[in-house]
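Under the working numbering, read the sequence shown as residues 184 to 816, first letter to last. Beta carbons are placed, not taken as given, at the ideal position from N, Cα and C, and that holds for glycine.
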Amino acid sequence: MRTVTFLPSYYKIDVPRGTTVLDATQRAGLSMNVVCGGQGKCGKCIVFIRSGRAEFDRQKYGRFFTEPELQKGGCLACETIVQGDLHVFVPESTLIQEQKILVEGLDHEIEFHPSVRKYYVELHPPSLADPSPDLSRFLWGIQKSGGPVAEKMYAPLAVLREMPSILRHSEWKVTATIGLVPGGYRVIDLQENDTSKRVYGAAVDLGSTTIVVYLWDLVTGKVVGVASNYNKQISCGEDILARVNFARKNGLTKLQALAAESINQAITSASNSAGIDREDIYDVVVAGNTVMTHMLLGIDPAYMIAEPYVPVVRRALSIAASRLGIACNPNGGVYAFPAVSDFIGGDIIADILACGMGEREEISLLVDIGTNFEVVLGNKEWMFSCAGAAGPALEGGEVLFGMRANPGAIEKITIDPVTLDPKYSTINGIKPRGICGSGLIDLLAELLLVCVIDRTGRINTGIEHPRIRKGTHFPEFVVAWAKETDTGKDIVITENDIKNLIMSKASVHAACVTLMKEAGVTHKDISTIYFAGAFGNYLDKKNATIIGLIPEIDLKDIKNIGNGAVTGANIALINRRARKTLDDIAYRIAYIELNAESSFMDEYTGSTFLPHTDFSLFPGVQELLDSCRIRKE
Numbered sequence: 184m185r186t187v188t189f190l191p192s193y194y195k196i197d198v199p200r201g202t203t204v205l206d207a208t209q210r211a212g213l214s215m216n217v218v219c220g221g222q223g224k225c226g227k228c229i230v231f232i233r234s235g236r237a238e239f240d241r242q243k244y245g246r247f248f249t250e251p252e253l254q255k256g257g258c259l260a261c262e263t264i265v266q267g268d269l270h271v272f273v274p275e276s277t278l279i280q281e282q283k284i285l286v287e288g289l290d291h292e293i294e295f296h297p298s299v300r301k302y303y304v305e306l307h308p309p310s311l312a313d314p315s316p317d318l319s320r321f322l323w324g325i326q327k328s329g330g331p332v333a334e335k336m337y338a339p340l341a342v343l344r345e346m347p348s349i350l351r352h353s354e355w356k357v358t359a360t361i362g363l364v365p366g367g368y369r370v371i372d373l374q375e376n377d378t379s380k381r382v383y384g385a386a387v388d389l390g391s392t393t394i395v396v397y398l399w400d401l402v403t404g405k406v407v408g409v410a411s412n413y414n415k416q417i418s419c420g421e422d423i424l425a426r427v428n429f430a431r432k433n434g435l436t437k438l439q440a441l442a443a444e445s446i447n448q449a450i451t452s453a454s455n456s457a458g459i460d461r462e463d464i465y466d467v468v469v470a471g472n473t474v475m476t477h478m479l480l481g482i483d484p485a486y487m488i489a490e491p492y493v494p495v496v497r498r499a500l501s502i503a504a505s506r507l508g509i510a511c512n513p514n515g516g517v518y519a520f521p522a523v524s525d526f527i528g529g530d531i532i533a534d535i536l537a538c539g540m541g542e543r544e545e546i547s548l549l550v551d552i553g554t555n556f557e558v559v560l561g562n563k564e565w566m567f568s569c570a571g572a573a574g575p576a577l578e579g580g581e582v583l584f585g586m587r588a589n590p591g592a593i594e595k596i597t598i599d600p601v602t603l604d605p606k607y608s609t610i611n612g613i614k615p616r617g618i619c620g621s622g623l624i625d626l627l628a629e630l631l632l633v634c635v636i637d638r639t640g641r642i643n644t645g646i647e648h649p650r651i652r653k654g655t656h657f658p659e660f661v662v663a664w665a666k667e668t669d670t671g672k673d674i675v676i677t678e679n680d681i682k683n684l685i686m687s688k689a690s691v692h693a694a695c696v697t698l699m700k701e702a703g704v705t706h707k708d709i710s711t712i713y714f715a716g717a718f719g720n721y722l723d724k725k726n727a728t729i730i731g732l733i734p735e736i737d738l739k740d741i742k743n744i745g746n747g748a749v750t751g752a753n754i755a756l757i758n759r760r761a762r763k764t765l766d767d768i769a770y771r772i773a774y775i776e777l778n779a780e781s782s783f784m785d786e787y788t789g790s791t792f793l794p795h796t797d798f799s800l801f802p803g804v805q806e807l808l809d810s811c812r813i814r815k816e
């Protein structure tokens, strides 16, 4: 074993020789920023070897470093092999930092019909003249108080064991918590005296990176708390594939516990801010992708990443909170959204519920982009869906100065067409550290409009300007000079970065067109395009159209629905009628496997131009580019 000491924290961990420094950091509990999942592509896991023996290929990965950084022992944690005892300095910028987490969703009224209610009853005690069993007396009392029919209610063993003492100790004045379940109603809890005003529920967006929780008062129908935090599973792998592989190595139990812990942290934060007891939370609704849901439930996800890509379960499930370790009333229920396939999960069903596309006759297109993307096309009669790898470029990976939406990330950019000087804004208004996804979309569109790049993404090095230069490895454009940045480095976008961005956007657009052809419709038949998720919420829809990320339609018909996953979870939490429709929505969606569609690669090839090889699909963009070119000349 070799001892790795991490500075400046002085965390120590013993690992076998041959372990990567990245693996060592994860075992030590350090959450490192590894956008590419440890494949040596993003260059974000920079560390410095202070002393000891380690192997790192400087020639192969030197493009991520300046010469002074290499002299100081700079290397990538994912590509550095431990050979002896090490002292490793981990810069603050390498660790996962506070991120701009999207908690907002669609701002509209939701019909209030919760699945859990409390009933306060005052019962007559038994006597020789009325020796009815406690349970019968109790259930009839609920019915007389306006609750469900007694014959449709049942009490689990845990409640039956407590019932005799609670009824008598309270002098037959009790509050029952009743939950709707398939085929009837379940007695969730029994409490002394009147606690009927204390009943709450939690809607959870279980993302691979972040967790968002909305806490609702299920009596008044009002949100009483909102909280968010990172998914602690990041310590076991940045992306889904890495976590599935971790699960294969006897790590499923840990992944389940970390998912529950992450949810609990957000629930606790929301509860504390609202001043409520977590024991009064009786209903938890969770929307997450198929793999994340399996991990939360402790179900092996391994078979979803290998042909024929089969999940263990697709239907919606309700589980006792105590079985999952969720911090609410132990007899409360956790409802997990259904899925369509291994790649179209409960988060996408929640998006569909949030935007309402499954309730209208008009044809809509839903796009949710992260490291992976999901696309749904259809209306209330039919829906087609697909998913694919957008590549981490749109989230800042595989882009030299790309980064997540952390403080210091450039999130909006414009370029003066005359001076070519950029004007940008950063998250939290501090000095720039890099560029996040929305900023990269802006930058790509702006560089095209000012003719710095052509439609293939090549930088015009014939333009004599200090911001346009050859660079060490590729031609590049300087977005921010070193004196402006927090890192002391020029922030640039290289021709290779642009290539990666175009490949990512081409995948998304090709998927949209593939579904449209499958359905026999064109972009002219689409009434609305919905962007879901944090990436879609912050990007400029005009610039998204200019680069050909999505089909061209009227900009007023392109809508950002915010965090559709948590909005859908909110709807399902407080509207039991909507919850009943979810399995139906899931089974109505046909999943198209892009790898099996021969036309997809043709569409992808056509989409690897800005905005596309076929300008007739983007007449508005063609007109805009022509006018920009004329002004330039």
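With residue i as the anchor, note down where its beta strand (DSSP E) starts and where it stops.
| i | result |
| --- | --- |
| S353 | Segment: none, S353 is in no beta strand (DSSP E) and carries neither H nor E. |
| L311 | Note, L311: premise wrong, no beta strand (DSSP E); not H, not E. |
| T597 | 592-598 |
| G367 | 367-375 |
| K327 | Note, K327: premise wrong, no beta strand (DSSP E); alpha helix (DSSP H) at 317-327. |
| A752 | Taken as a continuous stretch (DSSP letters only), A752 belongs to no beta strand (DSSP E), being part of the alpha helix (DSSP H) at 747-757. |
| V559 | 555-561 |
In whole angstroms, what is the alpha-carbon distance linking residue i and residue j?
| i | j | result |
| --- | --- | --- |
| P316 | L213 | 57 Å |
| R812 | I636 | 12 Å |
| V582 | H270 | 29 Å |
| K415 | V468 | 19 Å |
| V804 | V493 | 41 Å |
| F584 | V675 | 7 Å |
| A588 | G367 | 45 Å |
| L793 | V704 | 23 Å |
| I733 | D680 | 20 Å |
| V207 | V198 | Checking the sequence shown, residue 207 turns out to be Ala, not Val. So the alpha carbons of these two residues sit roughly 7 Å apart. |
| M184 | A237 | 14 Å |
| Q209 | P191 | 16 Å |
| I423 | H352 | 51 Å |
| D313 | A510 | 40 Å |
| E490 | D525 | 11 Å |
| D463 | N512 | 6 Å |
| V286 | S411 | At V286, the pLDDT of 49 sits below 50, so the modelled position is not reliable and the matter cannot be decided from this model. |
| P475 | L350 | According to the sequence displayed, residue 475 carries Met and not Pro. Cα to Cα, the separation comes out at about 41 Å. |
| K724 | G235 | 50 Å |
| L441 | G671 | 36 Å |
| N643 | G434 | 50 Å |
| Y721 | N746 | 11 Å |
| L684 | Y607 | 19 Å |
| R823 | R506 | The requested residue 823 is not part of the displayed model; the chain covers only 184 to 816. |
| V265 | T186 | 9 Å |
| K283 | F657 | Only weak support is given to the placement of K283: the predicted model assigns it a pLDDT of 46, under 50, and the question is left unresolved by the model. |
| A639 | G420 | Here the sequence assigns Thr to residue 639, which means Ala is not the residue at that position. Going by the C-alpha atoms only, they are around 34 Å apart. |
Rounded to the nearest angstrom, how far is the Cβ of residue i from that of residue j, given a contact under 8 Å?
| i | j | result |
| --- | --- | --- |
| V396 | I450 | 6 Å |
| K666 | D625 | Incorrect: roughly 22 Å between the Cβ atoms, too far for contact. |
| A752 | D388 | 6 Å |
| Y787 | A693 | 4 Å |
| L800 | H706 | 7 Å |
| V299 | G362 | 5 Å |
In terms of residues, what are the limits of the alpha helix (DSSP H) holding residue i?
| i | result |
| --- | --- |
| K688 | 678-702 |
| S782 | 781-789 |
| F247 | No alpha helix (DSSP H) contains F247, which DSSP labels as neither H nor E. |
| L631 | 620-632 |
| K819 | Look at the range of the chain in this structure, 184 to 816, and you will see that residue 819 is not part of it. |
| N778 | Per DSSP, N778 belongs to no alpha helix (DSSP H) and is neither H nor E. |
Review point. Do the segment 471-484 and the segment 519-539 touch if we need at least three Cβ pairs shorter than 8 Å?
Key: yes
Exercise for review: Could you name each continuous beta strand (DSSP E) segment of 3 residues or more that falls completely within the segment 483-537, going from the start of the chain to the end?
Suggested key: 500-503, 516-519
Check your understanding: Is the number of C-beta pairs between the segment 306-325 and the segment 339-353 that are closer than 8 Å three or more?
Key -> yes
Review point. So does the segment 548-555 actually touch the segment 491-500, counting three or more Cβ pairs closer than 8 Å?
Key: no
Point to revise | Segments of 4+ residues assigned as alpha helix (DSSP H) that fall wholly inside the segment 410-453 | key: 423-429
Practice item. Report yes or no: do the segment 591-606 and the segment 557-564 share at least 3 C-beta pairs separated by less than 8 Å? Key: no
Point to revise | Segment contact flag, the segment 780-799 with the segment 419-437, C-beta cutoff 8 Å, min 3 pairs | key: no
Review point. Enumerated in chain order, which unbroken segments of the alpha helix (DSSP H) with a length of 4 residues or greater are wholly contained in the segment 209-233?
Key: none
Review point. Would the segment 721-729 and the segment 737-754 be scored as touching if the rule is three or more Cβ pairs under 8 Å?
Key: yes
Check your understanding: For the segment 706-719 against the segment 761-779, are there 3 or more C-beta pairs whose distance is under 8 Å?
Key -> no
Exercise for review: Inspect the CB distances between the segment 454-467 and the segment 382-389 and report whether three or more fall short of 8 Å.
Suggested key: yes
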